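Accompanying notes for the structure given below.
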Amino acid sequence: MPQSFGRATMSENHLTLTKDGTPEKLAITKDNYKQFLTKYFGLNVTISRLENSDN
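For the sequence shown, the positions run 6 to 60 when the working numbering is used.
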């Protein structure tokens with residue numbers, strides 16, 4: 006999704022923030038995924054697979 010700084014993409018395992026063509030990968034955990042979804046994608050959802058994970 007386009008952002009003011011570049012682009013944000015998210016998979017089940019990583020959030021990738023691309024700034025000036027340089028990607029930064031952040032690990033996705035059950036403790037941080039909701040914050041990332043809200044901040045970068047404007048979503049307020051619960052993902053059962055992540056909530057039930059051990060990481």
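C-beta atoms are modelled at their ideal positions from N, C-alpha and C, and glycine is treated no differently. These numbers come from a predicted model, not from an experiment.
Contact set for residue i: own chain, Cβ-Cβ below 6 angstroms, skip 5 residues either direction
i, result
"TYR38", "LEU55"
"LEU31", "LEU20"
Nearest-angstrom Cβ-Cβ length linking residue i and residue j, presumed shorter than 8 angstroms
i, j, result
"LEU20", "GLY11", "Not a contact, Cβ separation roughly 13 angstroms."
Closest Cα partner of residue i within the set the options
i, options, result
"PRO28", "VAL50, THR34 and MET15", "MET15"
"GLY26", "ASN18, ALA13 and GLU17", "ALA13"
Cβ-based neighbour list, residue i, same chain, cut-off 7 angstroms, excluding 5 preceding and 5 following
i, result
"GLN8", "TYR45"
Within 8 angstroms, strictly: CB atoms of residue i and residue j
i, j, result
"SER58", "LYS35", "yes"
"PHE61", "ILE52", "This structure cannot settle anything about residue 61, because the visible part of the chain is limited to 6 through 60."
beta-carbon residue i near the ligand GDP non-hydrogen atom, thresh 7 angstroms
i, result
"GLY26", "The ligand GDP is absent from the structure shown, which contains no ligands of any kind."
Cutoff 8 angstroms; reference residue i; Cβ partners in own chain excluding five residues on either side
i, result
"GLU17", "ILE33, ARG54 and LEU55"
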